[in-house]
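Heads up: the sequence shown is residues 123 to 518, going by our numbering.
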Amino acid sequence: MTTRVFVAGVGMTKFEKPGAIEWDYPQMAQQAGTKALDDAGIDYTDVEQGYVGYVYGESTSGQRALYELGMTGIPIVNVNNNCSTGSTALFLATQAVRSGTVDCALALGFEKMQKGSLGSTFDDREQPMMRHLLALAELQEFAMPPAPYMFGAAGLEHMERYGTTVEQFASIAVKNHRHSQHNPYAQFQDEYTLQEILESKPIYGPLTKLQCSPTSDGSGAAVIVSERFVEQHGLGDRAVEIVGQSMVTDMNSTFDDKSAISLVGADMTRKAAERVYQQAGITPDDVDVIELHDCFSTNELLTYEALGLCAAGDGGKLVDAGETTYGGRWVVNPSGGLISKGHPLGATGLAQCSELTWQLRGAADKRQVDGAAVALQHNIGLGGAVVITAYRPAQR
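Shown next as structure tokens:
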């Protein structure tokens with residue numbers, strides 16, 4: 123027997139440039155976790171399981187992080203799934219509650235990152251992305267660093283197939299930087315013109331520096347509870363229901379398509395989205411607000427199409443028509459997205475969950491999307507995994 127599942131509380135730290143302030147991951151986790159518990163109006167002793175996500179860190183860092191909230195002997199699971207780590211922790215917490223195993227679980231993610239482009243930690247074994255990189259090198263000449271190479275190559279392919287322009291990709295960064303001006307949690311809160319985006323440092327293909335997410339430190343958390351828990355604690359007026367959720371990993375098509383777009387996860391996103399829409403009984407037209415994985419501006423445009431917001435090849439048209447910002451059909455990344463809010467890998471998925479919870483409560487201040495009633499979250503990690511989650515307010 124399954125049960126309905128709700129987000130009862132959320133919390134996050136401000137995302138910071140690595141080394142900008144003196145803190146360590148236990149302090150980040152304490153801040154985000156305490157905010158989430160306080161938001162739900164519960165104590166850590168109410169939590170029955172913990173799922174803690176991080177990419178860069180030693181084994182059992184999850185225990186060390188949650189010990190800042192209490193030491194109650196509960197099961198604590200360490201989670202690492204590349205850039206989708208935070209939403210994977212959310213996925214596992216949701217599964218535990220939906221199955222009836224527990225009534226209250228805590229999903230928490232954090233990252234304490236090194237400055238500069240992402241690098242490997244263990245160089246005496248094959249890198250998990252090697253198969254993807256070798257496949258892509260057959261399509262586009264290899265370049266470093268790997269992440270902008272992969273997503274830049276996907277952008278080049280989209281331009282070649284559909285005539286998408288560098289201005290359309292850059293306009294996505296203009297939008298997300300503009301959105302972040304009103305987000306006190308964002309690493310950057312500066313607005314840029316299209317020309318400034320285009321003239322920033324070239325990285326790869328259509329990508330310039332201001333179209334790339336930065337490395338970041340920070341943490342996010344969410345309290346996940348059952349319907350029974352909501353009723354027992356009187357949380358109905360602020361709880362947000364998870365009405366659909368799916369995780370998909372790489373399929374044969376990732377490599378068989380001989381496509382950079384497939385190699386960066388478009389097929390995973392498409393399949394997960396179809397499942398979530400079916401579970402939730404919604405279509406893309408029912409969605410009001412979206413937080414999606416804009417690690418690079420090219421990926422935001424590719425994700426428009428994979429989520430079914432438009433047909434393949436029409437992502438640029440959505441940008442030109444202003445359909446993905448305030449006044450358009452959807453507001454995408456009101457938080458500023460990864461590009462401007464920041465991207466501490468383990469925390470990103472839970473920061474997205476926090477933003478959408480605030481939006482559905484009508485508590486997002488100047489970022490508020492009018493009448494937001496259905497929200498969609500997309501978080502992807504290469505190598506690969508995508509998690510998509512749909513939300514509705516518990517009472518509306």
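Even for Gly, the Cβ is constructed at its ideal location relative to N, Cα and C. On a predicted model such as this, the values are computed, not experimentally measured, just so you know.
V345, enclosing beta strand (DSSP E) - first and last residue:
For V345, the enclosing beta strand (DSSP E) stretches over residues 340–348.
Run of the alpha helix (DSSP H) containing L424, from where it starts to where it stops:
419–428
How is M390 classed by DSSP in three states: helix, strand or coil?
helix
Distance, L431 Cα to V362 Cα:
Computed Cα separation, rounded: 23 Å.
At a cut of 8 Å, does the segment 360–379 reach the segment 190–197 through at least three beta carbon pairs?
no
Closer than 6 Å by C-beta to G437: which residues in its own chain qualify, once you throw out the five before and the five after it? Chain order, please.
These residues qualify, in order along the chain: L423, Y426, E427.
Under the rule that 16 or more other beta-carbon atoms within 10 Å means buried, what is G464, buried or exposed?
buried
Start and end residues, alpha helix (DSSP H) containing G459
459–463
Contact between the segment 456–472 and the segment 290–309: three or more CB pairs below 8 Å?
yes
Does the distance from the C-beta atom of G285 to that of A469 stay below 8 Å?
no
Hey, how far is the Cα of G342 from the Cα of L230?
6 Å
Could you tell me which of F137, A494, C475 sits nearest to T216, measuring between CA atoms?
C475
Is it buried or exposed for G444, if we count other Cβ within 10 angstroms and need 16 for buried?
exposed
Cut-off 7 Å between Cβ atoms - residues of its own chain near Q262, not counting five sequence neighbours on either side
A275, L278, A382
Can L478 and Y513 be called in contact, C-beta distance under 8 Å?
yes
Tell me which same chain residues have a C-beta within less than 6 Å of the C-beta of S348, skipping the five on either side of it?
T125, V219, D225
So, does the segment 497–517 touch the segment 412–419, judging by three or more C-beta pairs under 8 Å?
yes
What residue does the alpha helix (DSSP H) around V362 start on, and which one ends it?
Segment 362–371 is the beta strand (DSSP E) holding V362; no alpha helix (DSSP H) there.
Top-ranked residue by Cα proximity to C205, from A473, A494, L357, P515:
A473
Taking only the alpha-carbon atoms, compute the straight-line gap between A434 and T405 and give it to the nearest angstrom.
17 Å
I'd like to check one pair, G179 with L228: are the Cβ atoms closer than 8 Å?
Result no, Cβ atoms of L228 and G179 do not sit closer than 8 Å.
Close-in-space but distant-in-sequence residues of the same chain around D168 (CB under 6 Å, 5 per side omitted):
C226
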